[in-house]
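Shown next, in structure tokens, is the structure this report addresses.
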Amino acid sequence: QQPVQSPQAVILREGEDAVINCSSSKALYSVHWYRQKHGEAPVFLMILLKGGEQKGHEKISASFNEKKQQSSLYLTASQLSYSGTYFCGTELSGNQFYFGTGTSLTVIP
Amino acid sequence: EAQVTQNPRYLITVTGKKLTVTCSQNMNHEYMSWYRQDPGLGLRQIYYSMNVEVTDKGDVPEGYKVSRKEKRNFPLILESPSPNQTSLYFCASSSSGRGGGEQFFGPGTRLTVL
Numbered sequence: 001q002q003p004v005q006s007p008q009a010v011i012l013r014e015g016e017d018a019v020i021n022c023s024s025s026k027a028l029y030s031v032h033w034y035r036q037k038h039g040e041a042p043v044f045l046m047i048l049l050k051g052g053e054q055k056g057h058e059k060i061s062a063s064f065n066e067k068k069q070q071s072s073l074y075l076t077a078s079q080l081s082y083s084g085t086y087f088c089g090t091e092l093s094g095n096q097f098y099f100g101t102g103t104s105l106t107v108i109p
Numbered sequence: 110e111a112q113v114t115q116n117p118r119y120l121i122t123v124t125g126k127k128l129t130v131t132c133s134q135n136m137n138h139e140y141m142s143w144y145r146q147d148p149g150l151g152l153r154q155i156y157y158s159m160n161v162e163v164t165d166k167g168d169v170p171e172g173y174k175v176s177r178k179e180k181r182n183f184p185l186i187l188e189s190p191s192p193n194q195t196s197l198y199f200c201a202s203s204s205s206g207r208g209g210g211e212q213f214f215g216p217g218t219r220l221t222v223l
């Protein structure tokens with residue numbers, strides 16, 4: 001029931017864009033995105049609810065395809081501060097939460 | 110300051126010695142949860158609680174117990190720890206478990222079981 005994330009790792013130069021994908025085999029109620037820097041706790045980025053409502057930041061956006069149970073996180077004009085591991089988190093019909101295995105993003109000058 | 114606190118931050122123990130990791134939040138959140146994080150496996154939910162006296166199993170509950178006697182506290186109990194429970198543990202809270210919003214994570218507890 002753990003969602004599958006791709007790619008596992010990506011290296012970008014400052015200013016480049018990136019897309020991180022999250023796919024589930026189960027019907028989703030919501031999808032959350034978090035970023036974790038080394039040695040720190042995960043930090044919330046945004047949530048996408050069933051029905052299409054989207055919340056989040058301006059330079060980091062996301063989509064949620066309910067029919068395919070897929071979500072994508074879009075990072076535009078990447079900055080050094082974007083480096084970290086990105087996790088999608090999925091909420092099923094119950095109240096359990098499943099996180100993906102993470103995508104390591106490294107932004108280099 | 111709104112926060113989730115965990116104690117201890119680091120713990121080294123031996124197999125079979127009961128331990129408790131405390132978690133407390135000051136945001137009056139209803140939903141609290143425990144996760145373990147292992148390399149390559151991401152974050153896996155151990156137990157969660159929708160409110161006081163309401164707890165339920167997550168994805169990997171074996172070997173763990175929890176209780177929710179007060180809204181702010183959600184301790185994780187390992188009755189007889191084993192080496193495969195060596196991991197990084199995070200407590201998190203949210204205003205609601207049903208898509209209600211972001212989960213706030215504590216700083217983590219790194220547990221080593223010898």
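Chains A and B, in that order, are what the protein sequence lines are. Position 9 of the first sequence, counted from 1, bears residue number 9 in this note's numbering, the numbering being contiguous throughout. Position 66 of the second sequence, counted from 1, bears residue number 175 in this note's numbering, the numbering being contiguous throughout. Note that CB positions come from ideal geometry on N, CA and C, so glycine has one too.
Discussion item. Classify residue 119 of chain B: buried if its beta carbon has 16 or more other beta carbons within 10 angstroms, exposed otherwise.
Written reply: exposed
Discussion item. Counting only Cβ-Cβ distances shorter than 9 Å, please list the residues of the segment 137–154 of chain B near chain A, keeping chain order.
Written reply: 140, 142, 144, 146, 149, 150, 151, 152, 153 and 154
Worksheet entry | Cα-Cα separation, residue 163 of chain B to residue 177 of chain B | 7 Å
Discussion item. So residue 41 of chain A contacts chain B; which residues on that side make the cut at Cβ distance below 7 Å?
Written reply: 199, 214, 215, 216 and 217
Worksheet entry | Residue of A/39, A/63, A/100 and A/80 minimising C-alpha distance to residue 107 of chain A | A/80
Discussion item. Does any residue of chain B have a CB that is nearer than 7 Å to the CB of residue 101 of chain A?
Written reply: yes
Worksheet item: Among the residues of its own chain, which have a CB less than 8 Å from the CB of residue 161 of chain B, if the five just before and after it don't count?
Response: 177, 178, 179 and 180
Worksheet item: For residue 194 of chain B, which three-state DSSP category applies?
Response: helix
Practice prompt. May I ask which residues mark the beginning and end of the beta strand (DSSP E) holding residue 21 of chain A?
Written response: 18–23
Worksheet item: To the nearest whole angstrom, what separates the beta carbons of residue 272 of chain B and residue 141 of chain B, a pair I think is in contact under 8 Å?
Response: Any property of residue 272 of chain B remains undetermined from this structure, which presents chain B solely from 110 to 223.
Worksheet item: When the cut-off is 7 Å and only beta carbons count, does residue 172 of chain B lie next to chain A?
Response: no
Item to complete: Could you check what DSSP says for residue 81 of chain A in three-state terms: helix, strand or coil?
Response: Looking at residue 81 of chain A - three-state DSSP - the assignment turns out to be helix.
Fill in: residue 39 of chain A versus B/165, B/185, B/197 and B/159, residue with shortest Cα-Cα distance
For residue 39 of chain A, the closest C-alpha among the options B/165, B/185, B/197 and B/159 is that of B/197.
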